[in-house]
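Trainee:
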């Protein structure tokens, strides 16, 4: 006998009309009640959605398992990071076969020295459904480690201190922090960042003295402006403790000599509207990356330690209209500048004595390069990372003196089937409706016929000036090897083509982000990379907002859409300043308490614009404890879509009841959600193995 399969209907959330009124405009939210995590009815509804998704995807369980094992099988389980040296010790992170979490170790002076285990996260995670070890900060004398742990996935970390000589973990706990902390040079004083318990905004810096209770900790800074977040760090030179405050459009720093932690912090340059800057220390000077004097793409300046106000800043690298200055790394003899031109990063090497100034050569048409972990100020070696859509990630050491590069490690793709020459990557340009050229990075298996029948997954983010670089993914091979083309649309709202690329995709130009994605889709269809019957879209968080907007605007273009932890109830969230991130987001989306921003965001907010029409097949994912996009946004959105949509296409909601914005915490556990997403896409294409 076989078990009888009992089919259940899609859950239907009950409707309890909630009237939301502002600016003389009334919105009726029938699913507002879902925002109560403590309500048993809400939990029952979410569980019902999970049961329904499991039923609808049950026929793919074999495929999901095969995908999971396939993706896991490409990853080296007993892997080790490239060691880096800091303050007399080599630090290494390693993974052991069959275990989900990393082990952090160090060796004194040489790599042949005995291994000292700092933290075994597999042991620490045993009793938790979710576990994340935040930052580890070693005291200057190497005897103590400040570390932080999150076991809920709300990014609220508990800080403790471990004695590395005795192995004792001191009982005192500092709750509700960002996880970040820094030691003063006396090995006794620790500065850390607290979060507001309701909004989760990082708003206060405290000073903790070793051997005293955290209840006696002293507040040294309170960031009262609700649109700003604060943080604390030590300069690479080890001379200064720095408190930073930042909003989307403004920065402010305070600094204190790390040898005298009980003195007062001094303001570096007070905050000014639209002045963004960051600071690094070298010798007797500070180096500043800033957008002052109309430097939209930022420039590099310097000033002495004694005169830090903006009026004293002098240009080192002037502003350029076609080059975005993203970052710098300071060494004893060299300055390394990370620049972006025409979408691609370049690493510029400049000696402090001005005798050398050149770029490292990169020949690929589309690639990703970034400055790696370089904590040693006195080093003659720059560590950087390089990969592309077809080339696995490599950690490379470049020697300034010899000008030789050494690949310290290249990501191994196990399984015996991967050969980078079997794949093709390229960059094409779509013309958006306003005439702007939008780049698209593509990767696919060599030999594919561009006849319009290929399944294509189009991905983008497009917010906060965050650039999605064309990087390698061994997980993605499971789609490429089954005939999928993968496309990254570098749409406005990111900084792929410089700061103006971001400025023209936010606030009252936010719709450019959505239009660019749609116009890229049409371009890919017109060039026969795919067709609307085989085109799929994927986005997460603010990229989930993108997914919601494009299916309201042009649902006919897409056969299926995956929206991960999507930010879809823009107006309601931005009007609720008790929700994490809201007040700090006004510079990104606008403050809806002002009518012009309210009207504009209402015109594109996915939840507010769901209509009675056909929508693509959809899979929506979220986490119950998400601190960035609250679970009720996707839950309400799915409920409203299910109520209004006119088609019979799949609409599935998967809620991880144990995790938050980043998904599951185990090294391989997160692959199960990827396997679900990939199985959803492959099933729609009729690919079952």
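Numbering (UniProt numbering), first residue to last: 1 to 689.
Positions of the beta carbon are idealized from the N, C-alpha and C atoms, including for glycine.
#1: Taking the straight line between their C-alpha atoms, what separation do you get for residue 280 and residue 109?
#2: For residue 602, tell me which candidate among 615, 505 and 575 has the shortest Cα-Cα distance.
#3: Can you tell me which of the three DSSP states residue 525 falls into?
#4: Given a cut-off of 8 Å, decide if residue 616 and residue 551 are closer than it, judged by their beta-carbon atoms.
#5: State the Cα-Cα distance for the pair residue 100 and residue 225, rounded to the nearest angstrom.
#6: Count the other CB atoms, across all protein chains shown, that sit within 10 Å of the CB of residue 220; report buried if there are 16 or more and exposed otherwise.
#7: If the criterion is Cβ atoms closer than 8 Å, does the pair residue 565 and residue 540 meet it?
#8: How many angstroms separate the CA atom of residue 679 from the CA atom of residue 558?
#9: Quick check: what's the CA-CA separation for residue 142 versus residue 227?
#10: So, is residue 637 buried or exposed, given that buried needs 16 or more other C-beta atoms within 10 angstroms?
#11: Starting from the C-beta of residue 522, find all residues in its chain whose C-beta is less than 8 Å away, skip the five residues before and the five after it, and write them out in chain order.
#12: Suppose you measure from the CA of residue 114 to the CA of residue 107; what does that come to, to the nearest Å?
#13: With a CB to CB cut of under 6 Å and the five nearest residues on each side skipped, what residues in its chain are close to residue 662?
#14: Please state whether the Cβ-Cβ distance between residue 156 and residue 173 is less than 8 Å.
#15: Using only CA atoms, which one of 307, 167, 291 and 189 lies nearest to residue 319?
#16: Once the 5 residues before and after residue 501 are set aside, which same chain residues still bring their CB inside 6 Å of it?
#17: Ends of the alpha helix (DSSP H) at residue 43?
#18: Among the residues of its own chain, which have a CB less than 6 Å from the CB of residue 125, if the five just before and after it don't count?
#19: Applying the criterion that 16 or more other CB atoms from any shown protein chain within 10 Å of the CB defines a buried residue, is residue 17 buried or exposed?
#20: What residue from 138, 389 and 542 has the CA that sits closest to residue 88's CA?
#21: If residue 461 sits next to residue 543, beta carbons under 8 Å apart, how far is it from one beta carbon to the other, in whole angstroms?
#22: Smallest Cα separation from residue 248: which of 463, 84, 123 and 234?
#23: Would you kindly report the start and end of the unbroken beta strand (DSSP E) that includes residue 585?
#24: Would you be able to state if there are at least three C-beta pairs under 8 Å between the stretch 331-351 and the stretch 364-371?
#25: Return the chain-ordered list of same chain residues with a C-beta closer than 8 Å to the C-beta of residue 689, the five sequence neighbours on each side being excluded.
#26: Going by CA-CA distance only, name the one from 329, 306 and 302 that's closest to residue 315.
#27: Residue 376 and residue 86 look like a contact to me (Cβ under 8 Å); what is the Cβ gap, rounded to whole Å?
#28: Going by beta-carbon coordinates alone, are residue 410 and residue 432 separated by less than 8 Å?
#29: To the nearest angstrom, report how far apart residue 195 and residue 385 are at their CA atoms.
#30: Looking at residue 208 and residue 190, is the spacing between their C-beta atoms short of 8 Å?
#31: With distance defined between alpha-carbon atoms, name the residue in 350, 49, 223 and 437 nearest to residue 657.
#32: Please go through the same chain and pick out, in chain order, the residues whose beta-carbon is closer than 6 Å to the beta-carbon of residue 683, but skip the five residues on each side of it.
#33: How many whole angstroms separate the CB atoms of residue 152 and residue 578, which I take to be in contact at a CB cut-off of 8 Å?
#34: When the distance is taken between beta carbons, is residue 321 closer than 8 Å to residue 438?
#35: Applying the 10 Å Cβ sphere with the 16-neighbour rule, what's the burial state of residue 490?
#36: So if DSSP puts residue 86 in a beta bridge, which residue, or which two residues, is it bridged to?
Mentor: The answer reads as follows:
#1: Counted from its first residue, the chain shown places residue 280 at position 280. Counted from its first residue, the chain shown places residue 109 at position 109. The alpha-carbon atoms of residue 280 and residue 109 are separated by roughly 27 Å.
#2: Walking along the chain shown from the start, residue 602 turns up at place 602. Residue 602 has its Cα closest to that of 575, out of 615, 505 and 575.
#3: One-based indexing of the chain shown puts residue 525 at position 525. In the structure shown, residue 525 sits in a helix (DSSP, three-state: H, G or I).
#4: Here residue 551 is taken as the residue at index 551 of the chain shown, counted from 1. Here residue 616 is taken as the residue at index 616 of the chain shown, counted from 1. Their beta carbons are under 8 Å apart, which means residue 551 touches residue 616 by this criterion.
#5: For the purposes of this step, residue 100 is taken as residue 100 along the chain shown, with counting starting at 1. For the purposes of this step, residue 225 is taken as residue 225 along the chain shown, with counting starting at 1. Distance between the alpha carbons of residue 100 and residue 225 is about 40 Å.
#6: Numbered from 1 along the chain shown, position 220 holds the residue referred to as residue 220. By the neighbour-count rule (16 or more Cβ atoms within 10 Å), residue 220 is buried.
#7: If you number the chain shown from 1, residue 565 lands on position 565. If you number the chain shown from 1, residue 540 lands on position 540. Yes, the Cβ-Cβ distance between residue 565 and residue 540 is below 8 Å.
#8: Looking up residue 679 in the chain shown gives position 679. Looking up residue 558 in the chain shown gives position 558. One C-alpha to the other measures close to 17 Å.
#9: Locating residue 142 in the chain shown gives position 142, where the first residue counts as 1. Locating residue 227 in the chain shown gives position 227, where the first residue counts as 1. So the two alpha carbons sit approximately 37 Å from each other.
#10: As a first step, residue 637 must be located in the chain shown, where it is residue number 637. Label assigned to residue 637: buried.
#11: On the chain shown, position 522 is the one that residue 522 refers to. If we look at residue 522 and ignore the five residues flanking it on each side, its Cβ neighbours are 430 and 557.
#12: Mapped onto the chain shown, residue 114 falls at position 114. Mapped onto the chain shown, residue 107 falls at position 107. About 6 Å.
#13: Taking the first residue of the chain shown as 1, we reach residue 662 at position 662. At residue 662, the pLDDT of 46 sits below 50, so the modelled position is not reliable and the matter cannot be decided from this model.
#14: Translated into the one-based positions of the chain shown, residue 156 becomes position 156. Translated into the one-based positions of the chain shown, residue 173 becomes position 173. The Cβ atoms of residue 156 and residue 173 do not sit closer than 8 Å to each other.
#15: Translated into positions along the chain shown, residue 319 becomes position 319. Looking at the Cα atoms, 291 is the closest of the given residues.
#16: The count along the chain shown starts at 1 and reaches residue 501 at position 501. Excluding sequence neighbours, residue 501 sits near 492 and 495.
#17: Translated into positions along the chain shown, residue 43 becomes position 43. Residue 43 -> alpha helix (DSSP H) spans 40-56.
#18: Position 125 of the chain shown, counting from 1, holds the residue named residue 125. Cβ contact annotation for residue 125 (same chain, cutoff 6 Å, sequence separation greater than five): 101 and 131, in chain order.
#19: Residue mapping note: residue 17 aligns to position 17 of the chain shown, counting from 1. Classification of residue 17: exposed, given that the 10 Å Cβ count is below 16.
#20: Here residue 88 refers to the residue found at position 88 of the chain shown. Of the candidates 138, 389 and 542, the one whose C-alpha sits nearest the C-alpha of residue 88 is 138.
#21: Along the chain shown, one-based indexing puts residue 461 at 461. Along the chain shown, one-based indexing puts residue 543 at 543. Going by Cβ atoms, the distance from residue 461 to residue 543 rounds to 4 Å, so yes, they are a contact pair.
#22: If you number the chain shown from 1, residue 248 lands on position 248. Cα-wise, what sits closest to residue 248 is 463.
#23: In the chain shown, counting from the first residue as 1, residue 585 sits at position 585. From DSSP, residue 585 is part of no beta strand (DSSP E); its letter is neither H nor E.
#24: yes
#25: For the purposes of this step, residue 689 is taken as residue 689 along the chain shown, with counting starting at 1. So the qualifying residues of the chain are 63 and 66.
#26: Residue 315 sits at position 315 when you count from the first residue of the chain shown. If we check each option's Cα against that of residue 315, 302 comes out closest.
#27: On the chain shown, residue 376 is found 376 positions in, with the first residue counted as 1. On the chain shown, residue 86 is found 86 positions in, with the first residue counted as 1. Taking the Cβ atoms as the reference, residue 376 lies roughly 6 Å from residue 86, within the contact range of under 8 Å.
#28: In the chain shown, residue 410 corresponds to position 410, counting from 1. In the chain shown, residue 432 corresponds to position 432, counting from 1. Going by C-beta atoms, residue 410 is not nearer than 8 Å to residue 432.
#29: For the purposes of this step, residue 195 is identified with residue 195 of the chain shown, where counting begins at 1. For the purposes of this step, residue 385 is identified with residue 385 of the chain shown, where counting begins at 1. If you take the alpha carbons of residue 195 and residue 385, they lie about 32 Å apart.
#30: Numbered from 1 along the chain shown, position 190 holds the residue referred to as residue 190. Numbered from 1 along the chain shown, position 208 holds the residue referred to as residue 208. Their beta carbons are under 8 Å apart, which means residue 190 touches residue 208 by this criterion.
#31: Counting from 1 along the chain shown, the entry for residue 657 is found at position 657. Nearest option by C-alpha distance: 49.
#32: Residue numbering aside, residue 683 sits at position 683 when the chain shown is read from its first letter. Closer than 6 Å at the Cβ level, and outside the excluded window around residue 683, lie 60.
#33: Position 152 of the chain shown, counting from 1, holds the residue named residue 152. Position 578 of the chain shown, counting from 1, holds the residue named residue 578. Actually they are not in contact, since the Cβ atoms of residue 152 and residue 578 sit about 18 Å apart, beyond 8 Å.
#34: Taking the first residue of the chain shown as 1, we reach residue 438 at position 438. Taking the first residue of the chain shown as 1, we reach residue 321 at position 321. No. Outside cutoff.
#35: For the purposes of this step, residue 490 is identified with residue 490 of the chain shown, where counting begins at 1. Per the 10 Å Cβ criterion, buried.
#36: Here the question's residue 86 lines up with position 86 in the chain shown. Per DSSP, 89.
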